[in-house]
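Here's the structure, in structure tokens; my notes come after.
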Amino acid sequence: MQLPDPVTFAIPAFVLLILIETAIGRYAPKKSNYEMHDSAASLLMGLGNFAIGLVNFGIVGAVALWVYQYRLFDIGYHWWAFVLILFAEDFVYYWFHRLSHEHRIWWAAHINHHSSQYYNLTTALRQTWTGAFIGTWIPWLLLSFIGFPLALILFQKGISLVYQFWIHTEAIDRMWKPVEAVMNTPSHHRVHHATNPKYLDANYAGIFIIWDKLFGSFVPEDKAEPCRYGIVKQIASFNPLIIAFHEWVGIFSDLFHAKSFKAAFMYIFGPPGWSEDGSRLTSRMIKERERIRLAGQTADAAD
Numbered sequence: 001m002q003l004p005d006p007v008t009f010a011i012p013a014f015v016l017l018i019l020i021e022t023a024i025g026r027y028a029p030k031k032s033n034y035e036m037h038d039s040a041a042s043l044l045m046g047l048g049n050f051a052i053g054l055v056n057f058g059i060v061g062a063v064a065l066w067v068y069q070y071r072l073f074d075i076g077y078h079w080w081a082f083v084l085i086l087f088a089e090d091f092v093y094y095w096f097h098r099l100s101h102e103h104r105i106w107w108a109a110h111i112n113h114h115s116s117q118y119y120n121l122t123t124a125l126r127q128t129w130t131g132a133f134i135g136t137w138i139p140w141l142l143l144s145f146i147g148f149p150l151a152l153i154l155f156q157k158g159i160s161l162v163y164q165f166w167i168h169t170e171a172i173d174r175m176w177k178p179v180e181a182v183m184n185t186p187s188h189h190r191v192h193h194a195t196n197p198k199y200l201d202a203n204y205a206g207i208f209i210i211w212d213k214l215f216g217s218f219v220p221e222d223k224a225e226p227c228r229y230g231i232v233k234q235i236a237s238f239n240p241l242i243i244a245f246h247e248w249v250g251i252f253s254d255l256f257h258a259k260s261f262k263a264a265f266m267y268i269f270g271p272p273g274w275s276e277d278g279s280r281l282t283s284r285m286i287k288e289r290e291r292i293r294l295a296g297q298t299a300d301a302a303d
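Here it is as structure tokens:
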């Protein structure tokens, strides 16, 4: 069965929404902050991701079809299969996304999406160039093994990508409480892109925020602490090559200077920010330092 590509149909809507958001920015800059070079870099990253995806599709598709031969169930294209894949694919996405923040080798492919210090709809286009080469598609093989046809998996991945486009905005405040309770929203995703210590490594959701609430990674947006965007160590560059490869350069540099096999292993598979001499900070260490700092402020206030 052949299913349509949701992304292809959504492209005109993407363009229209970006134009609307830029127009909003002329009258309400705090709701829509654009920088021409930053947006151009995001667009180039998106185009590069699309081109590389075409090259890798044959390999990834072939592996998925091979796994599908050993499927547990014949799910097919029944109406309930579309409901089931909606939640199953989103569950897989959550764990892929979380692992991409917790292990440096996948973070090196994902970091470019977080590298913009601006948060607008063009940020959604800032996609990886290297993820396919290091197997970030592997988690989705679970869906093939369960018995979802490849066309259905690709269709739902497209739906997820389209959904996640519109949540990259500051133009939309908090939404209706039932929506905020279940769905990933601009408010939730702003937290995910923030570098504030309290917001680090949170809200990995694709479509449903329920996974973050279930697995303890949910943090609500705090109006008293506005989100600061980008990455912990800002790269301060609009060059797509630097955006795409700077963390890989960092990994190879660390490996060259590693003093032990354990250190080399950690530089690849450990948490981002880990260092052999402790001179750099992981997100957990940053959050702990912030907790101690706030505790000290509270103690001083009490005195």
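Mapping the sequence shown onto UniProt numbering, position 16 (from 1) lands on 16, and the numbers just tick up by one. Glycine included, C-beta positions come from ideal geometry on N, C-alpha and C.
C-beta contact flag for Leu150 and Tyr68 at 8 Å: Yes. Within cutoff.
Beta-bridge partners of Met183, as assigned by DSSP: Note: Met183 sits in a beta bridge opposite Phe208.
Beta-bridge pairing of Ala194 - partner residues as DSSP gives them: Ala194 is bridged by DSSP to Tyr229.
Distance, Lys259 Cα to Val137 Cα: Residue identity differs from the one stated: residue 137 is Trp in this sequence, not Val. Taken atom to atom, the span from the alpha-carbon of Trp137 to that of Lys259 is near 32 Å.
DSSP-derived helix/strand/coil call for Trp137: Three-state result, Trp137: coil.
Terminal residues of the alpha helix (DSSP H) in which Gly61 lies: Here the alpha helix (DSSP H) through Gly61 covers Met36 to Tyr68.
N-terminal and C-terminal residue of the alpha helix (DSSP H) that Leu281 is part of: Premise fails: Leu281 is in no alpha helix (DSSP H) and is neither H nor E.
Check whether Ala244 and Trp129 have beta carbons under 8 Å apart: It is a contact, given that the beta carbons lie within the stated cut-off.
Candidates Ala205, Asn196 and Leu200: closest to Pro186 by CA position: Closest option to Pro186, judged by alpha-carbon separation, among Ala205, Asn196 and Leu200: Ala205.
Environment of Ser217 [buried if 16+ CB atoms lie within 10 Å]: Buried: at least 16 other Cβ atoms inside 10 Å.
Ile292, buried or exposed, once every other Cβ within 10 Å from all chains shown has been counted against 16: With fewer than 16 other Cβ atoms within 10 Å, it is exposed.
Local conformation of Ser175 per DSSP, three classes: According to the sequence as given, residue 175 is Met; it is not Ser. Per DSSP, reduced to three states, the secondary structure at Met175 is coil, with no helix or strand assignment.
First through last residue of the alpha helix (DSSP H) which encompasses His97: Per DSSP, His97 belongs to the alpha helix (DSSP H) from Trp79 to Glu102.
Reference Leu141, options Val182, Ile111 and Arg71, closest by Cα: Residue Arg71 is the option with its Cα nearest to Leu141.
Residues near Tyr199 in its chain [Cβ-Cβ closer than 7 Å; skip 5 each side]: Taken in chain order, the residues that qualify are Val191, Val219 and Cys227.
Outcome for Val83 when other beta-carbon atoms lying within 10 angstroms are tallied against a minimum of 16: Val83 comes out exposed.
Cβ neighbour criterion (16 or more within 10 Å) applied to Ala236: Counting other Cβ atoms within 10 Å of its Cβ, Ala236 stays below 16 and is therefore classed as exposed.
Environment of Ile207 [buried if 16+ CB atoms lie within 10 Å]: Buried, by the Cβ-count rule.
Unbroken alpha helix (DSSP H) run spanning Ser275, endpoints: Run containing Ser275: none; DSSP gives neither H nor E here.
Cβ separation of His114 and Gly250, assumed to be a contact under 8 Å, to the nearest whole Å: Actually they are not in contact, since the Cβ atoms of His114 and Gly250 sit about 15 Å apart, beyond 8 Å.
Close Cβ partners of Leu125 (< 7 Å) along its chain, the five nearest in sequence each way excluded: Exclusion of the five residues before and after Leu125 leaves Ser42, Leu43, Met45 and Gly46 as the residues of its chain whose Cβ lies within less than 7 Å of its Cβ.
Cβ pair count under 8 Å reaching 3, the region 102 to 111 against the region 170 to 187: The region 102 to 111 is not in contact with the region 170 to 187.
From Pro29, Ala132 and Leu161, residue whose alpha carbon lies closest to that of Tyr118: Minimum Cα distance to Tyr118 is reached at Pro29.
CA-to-CA distance, Gly147 to Phe165, given in whole angstroms: Separation of Phe165 and Gly147 (C-alpha to C-alpha, rounded to the nearest whole angstrom) is 28 Å.
Arg26: first and last residue of the uninterrupted alpha helix (DSSP H) it sits in: For Arg26, the enclosing alpha helix (DSSP H) starts and ends at Pro6 to Tyr27.
Distance, Ser144 Cα to Thr8 Cα: So the alpha carbons of these two residues sit roughly 23 Å apart.
Supposed close pair Pro139, Lys287 - CB separation, criterion 8 Å: That pair is no contact at about 26 Å.
Local Cβ density within 10 Å of Glu247, reported as buried at 16 or more and exposed below that: By the neighbour-count criterion, in which a residue is buried when 16 or more other Cβ atoms sit within 10 angstroms of its Cβ, Glu247 is buried.
Integer Cβ distance of Ile18 from Thr122, believed to fall under 8 Å: At roughly 6 Å, the Cβ-Cβ gap stays under 8 Å, so Ile18 and Thr122 are in contact.
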